Amino acid sequence: MNMLLNQKLTEKVLKQEDNDFNQHNLSVNNIRCACPGCVNGTLQTNNTTNSSTSGSSSTSSNSALISPPIEGVLSGYQWNLGIDRIITYSFFEDDDFSNSYYGSESGVKEVSNAVKNSYREIFSWLENVINVDFVEVDEINKDTYGDIRIQDSNNPNYAYAYYPTSAYSKVAGDVHLNSNYDRLGDTNGFQHDPGKHGYMTLVHELGHALGLSHTHSGTPLSSELDNTDNSVMTYNFTGNSAATFMPLDIAALQHLYGAKSHNAGDTTYVFGNYIDQVSVNGISLVETSNRTKQTLWDSDGIDTLDFSGLNAQSSGFHLDLRGGGLLSKTFSTTTSYSTAISYDFEVENVINSSSDDKIYLNNVKNEIRGYDTNRVTGNDKIYYATNEDILKLDYSSHEVTTRQSGQNLIINLGSNGSVELVDYYADTSNQIQILYSDIEPTADPNTDPDPDPDPVTDNQIIAQMGRITNLDHNSQTILLDHNFINPVIFAQPLSYNGSDPSIVRITDIQGDRFSVNVQETTLINGNTHSGNHTQETFSFLVLEQGVWQLSDGTIIEVGTVTTDATTRSDWHNITFNHDFTDTPIVLTQVQTDNDGTFVRTRQNNTTNNGFQVALEEEEAYLNSGHGSETIAWLAISPGQGNWDGNTFIAGNTGDQVTHDWHTLDFGNTFNTTPQFLGNIASYDGGDSSGLRHRNLSNGQVEIMIEEDTSRDSEINHTTEVVNFFAIDKIGTLTGSTNLDPNTDPDPDPTTNNQTIAEMGQITNLDHNNQTILLDHNFINPVIFAQPLSYNGSDPSIVRITDIQGDRFSVNVQETTLINGNTHSGNHTQETFSFLVLEQGVWQLSDGTIIEVGTVTTDATTRSDWHNITFNHDFTDTPIVLTQVQTDNDGTFVRTRQNNTTNNGFQVALEEEEAYLNSGHGSETIAWLAISPGQGNWDGNTFIAGNTGDQVTHDWHTLDFGNTFNTTPQFLGNIASYDGGDSSGLRHRNLSNGQVEIMIEEDTSRDDETSHTTEAVNFFAIEGTGTLTGSAKADALLGSMKQQLGSAGEDSFVVGDATESFYDNYGQQDYLEISGFDTSQDMIQLHGNANDYAIGASPLRSNDQGIFLKVAGMQDELVAIVKDSNNLDLNSNNFVFA
């Protein structure tokens, strides 16, 4: 940028001029070029070099006709950019040049500060749209100025600019403004805010400087397009003045310079009182009090236009979602003020206004909603709908009436309005899907295998595995293949493409998706930084909460806890519901981002009964506490197994993983690269730490303890135990509810296996949010998607940002700070395995038990660790994996776990090291616990293991032996908390025989990354896709039972004097009561009426649910009374024991 480069000269000088006019009334006869070459009638040449501070040169461009008709605004010239994609700009400095100017203009002088600030706004807006970085340079001497130079002068009648080519090569790209208009006053003054003609002129002249011509100069545009609704390069000024480049201008500029990735995640555009007022996350896209015109650009994601806040208009609104479409209060050829859609912006969803809307759908899958029984929505018309589109009505089918009018269907919403579907009957095979609140849609087996799943039954989809390879600091939504009911997400460790201490931060979990990003520590070496992180890879595992039996008999228990316990306060004790014979492999992860600061889990003291878990902030804020977050945890019996034909390993490294890369050898277990999840499973080192991975293959993966550098640069970490889960699988997995006949007095008969899990691997995750679509629609999915590979060395995590039943979203999140400095957070592409699991206690196909749960907590490693108690009675200490599932608090966070026993474990959120003591907002953490050892899950070999207390910041080789034939999926967590520095797990060189892992301390506080030994839990499994399991119910886990009332008086027992029944795993276990007679029947509950709530059934609108209130968590469904609508807890129908 600071190098002075020669530019190639051309033979022609071109300059565009806009002459003086008043209130937009410019005489076409006065339009002429007033540059020196045209005035003299000769072509000028000049051999002087352009002393620009950028390598940008100018040349002729290809103006071939393309669609949209951008040829109408292309001049044939553009800047040739270097690899840095930089165009510099500067403002003429009076102090340095004193009216001296290399061109023919006279009276050249500095523009006002108001004009400078306006241009800075315009450049800032534009560099989000085109693949150019605009850099302002100071004119410190006569040889230093920008490619584009802006000044006042006497020559233009109003304003003009030179194209980016000229025989006067120095003047290429220069903008000249008549100094008499550098003022406020009438609308032509250049100092006005957006919405006035003077401001639009600044945009217009910049268009010339970048290579755009007038619309009348080249191939003429049609009269419908030649106006300011479509281009600022026109002289047909209609309505209010534009504040931005318009759709044709953007298409032309993106044709010349490429498009910039912007708002690539799921974005909601909220419209204010007026159709030209748009904000994202509360930030207005154009700040002005004037009515104006603007254009929206969005490169990717599932995007929503929310018009619900618009002031009502008697004329209604014209809402055209198609590329180049206009959003306006009225529509003819032109508008007064409006918002336009860029040609390549694909809008998916619309929330309507309260006025009469005409909605024109595009060719992507659109969902139109906002039709609520409590809201007047006007008489809307919807055009161009197909069978891929959805009209969502929050009305029951009996609350509306329908009629046919010609080829149209009119749905009458009573006094609230109507919806007219244009040409609905023109093609009956291509009709829009209409969703009522009481009618489930018919599933399309080709596109939506299970859009609204039934409550969990035996041998159902309980999990989904996947891998994201391009997660960076931008939030990415991962779409799942199944719609889960109570999903949790495990998505760590991150790969190591970027070395800034980072975690995978989960920001939004829904039934069919979740969102993640790489979250870096806020500080690096005590300094703030951008948090940008290169793309990383991580595996993710979505699991339904509960105790599940996999296809091989392995038990996995999945649960959650909501806590603000941190590693520096009170760890949270988790007790397993399943009785693990051996200490299970436990993984944990934060599921929420209630407190957006950096946080992860640490776990410790795992036994066959449970473990301890806590939140861990970055090291700089370890003692600051963190907001309550939900932590998910899973516990799975250690060893190798087979889940739905996919080999897996749930393992533990032993206490040997440090800040050095440690090779975790899978042996010959996997034939292909597995998904790999992991957690630090001990808490030997108190520095904030997470797990990173690299070089994941079918034979091994490298992992290391990553201490963050938020407080200092020290990253050495003592040995820790790392739990890991590796499985050779991408897609959904099944499991069966695990029933223990010895503890269930009235066990339900065993039913068939169900899909409970899905394994996968993502190889291109970076800081941009990525949505991963699953093969199964889970009910209560959680995701395990860690550790990341180690392509980028910045400390990073897989951050889950959105979990839904059939998808989840993730990105690589780096620590906010590196060595105390802020940074971009951009991260190179990384690989990770993911495991999606239904919550519950499941028995796998080989008999292994896996328990999957969640907890919502703000416990951090520096505050009160959250204690998780398993529902399953593990014989041995299980392998526990944890991962944050939410991004309620968007700052960097991961889980740390500790003190795992066969009864439970402790888990906590861990922020980046610089903020370890700052606390973190409440997040949901998913956890899984699986019995240690080798198993077989649906034909897939797996290992659930623990490394022992030996993994440090150095790479540690985890040897799988000959377990896997192909590279497995690999999941892992630091399973101890020996080192208190904020740390995560990373891996590399994953193969069928081994993987290298290491503890990655972040560098948000400092650059010290040495970490003491930690134990790492891991789960490695061969294969991808879905896995099955059988539901396993221990004591107090009744699963769904049905009782039918008789003709006489009936009593239905939902609790006794000791306990409430059916109080685990959300919608998976409840008593279904049919034939309830309010005149004589009775329901017995534990406790008193204040402990319960009556509400609508989550499964069917004609039923009522009885919910047990749970402090800090979602109310627990304990019973559903069929065909009921008038239950009263204070009536004679209820007694309390």
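Taking UniProt numbering, the leading residue of the sequence shown gets 1, the next gets one more, and so forth.
Positions of the beta carbon are idealized from the N, C-alpha and C atoms, including for glycine.
All figures in this text were calculated on a predicted structure; none of them were measured in a lab.
My output table needs one value for residue i: the three-state DSSP class, helix, strand or coil.
| i | result |
| --- | --- |
| Thr718 | strand |
| Gly414 | helix |
| Ser689 | strand |
| Gly699 | strand |
| Thr377 | coil |
| Asn311 | coil |
| Gly258 | coil |
| Thr447 | Summary for Thr447: the model assigns pLDDT 38, below 50, so the residue's position carries little reliability, and this model does not support an answer. |
| Phe1061 | coil |
| Asn113 | helix |
| Glu93 | coil |
| Trp125 | helix |
| Gly72 | helix |
| Arg85 | coil |
| Asn430 | helix |
For residue i, does the count of other Cβ atoms within 10 angstroms reach 16, so buried, or fall short, so exposed?
| i | result |
| --- | --- |
| Ile797 | buried |
| His398 | exposed |
| Arg403 | exposed |
| Lys729 | buried |
| Val376 | exposed |
| Ile485 | buried |
| Thr891 | buried |
| Ala975 | buried |
| Ala312 | exposed |
Suppose you measure from the CA of residue i to the CA of residue j; what does that come to, to the nearest Å?
| i | j | result |
| --- | --- | --- |
| Val836 | Thr854 | 13 Å |
| Ala383 | Gln294 | First, the residue type needs correcting, since residue 383 is Tyr and not Ala in the sequence shown. Straight-line Cα distance between these residues: approximately 24 Å. |
| Asp938 | Asp858 | 36 Å |
| Ile70 | Leu326 | 17 Å |
| Phe514 | Tyr1092 | 30 Å |
| Gln612 | His262 | 41 Å |
| Asn141 | Lys109 | 15 Å |
| Phe490 | Pro194 | 46 Å |
| Leu696 | Gln934 | 19 Å |
| Gln277 | Tyr269 | 10 Å |
| Asn157 | Asp427 | 58 Å |
| Phe576 | Ile1073 | 29 Å |
| Ala463 | Asp306 | 33 Å |
| Asp570 | Ser863 | 6 Å |
| Asn780 | Asp1056 | 28 Å |
| Ser223 | Leu184 | 32 Å |
Let me check understanding here. Comparing Cα to Cα, which of the options lies closest to residue i?
| i | options | result |
| --- | --- | --- |
| Thr877 | Phe1052, Ile574, Ile1021 and Val1135 | Ile574 |
| Glu618 | Asp708, Phe648, Thr630 and Trp633 | Asp708 |
| Phe371 | Ile434, Ser342, Asp94 and Tyr383 | Reading off the sequence shown, one finds Tyr at residue 371, where the question assumed Phe. Comparing Cα positions, the closest option is Ile434. |
| Tyr977 | Asn965, His1011, Thr957 and Lys142 | His1011 |
| Glu629 | Leu615, Ala1057 and Ala620 | Leu615 |
| Ala264 | Leu206, Asp344 and Phe245 | Asp344 |
| Phe834 | Phe538, Gln754, Pro781 and Gly1087 | Phe538 |
| Val782 | Ser1004, Gly511, Thr339 and Asn408 | Gly511 |
| Asn902 | Ile636, Asn1132, Arg896 and Asn716 | Ile636 |
| Ser736 | Val722, Ile727, Thr755 and Glu720 | Thr755 |
| Asp1115 | Ile283, Asn1130 and Pro1098 | Pro1098 |
| Gln950 | Asn989, Phe1061 and Asn1017 | Asn1017 |
| Ile850 | Ala1031, Asn867, Gly685 and Ile715 | Ala1031 |
| Phe970 | Leu622, Gly984 and Leu664 | Leu664 |
| Asn517 | Ile130, Phe808, Trp865 and Leu321 | Phe808 |
| Ser396 | Leu958, Asp380 and Tyr436 | Tyr436 |
| Ser153 | Pro164, Asn178, Ser169 and Gly146 | Asn178 |
Return no unless some Cβ of chain B is closer than 8 Å to the Cβ of residue i.
| i | result |
| --- | --- |
| Phe245 | Among the chains of the structure shown, chain B does not appear; only one protein chain is present. |
My parser needs the alpha helix (DSSP H) runs of 4 or more residues fully inside the region 173 to 239; what are they?
Correct list: 197 to 210.
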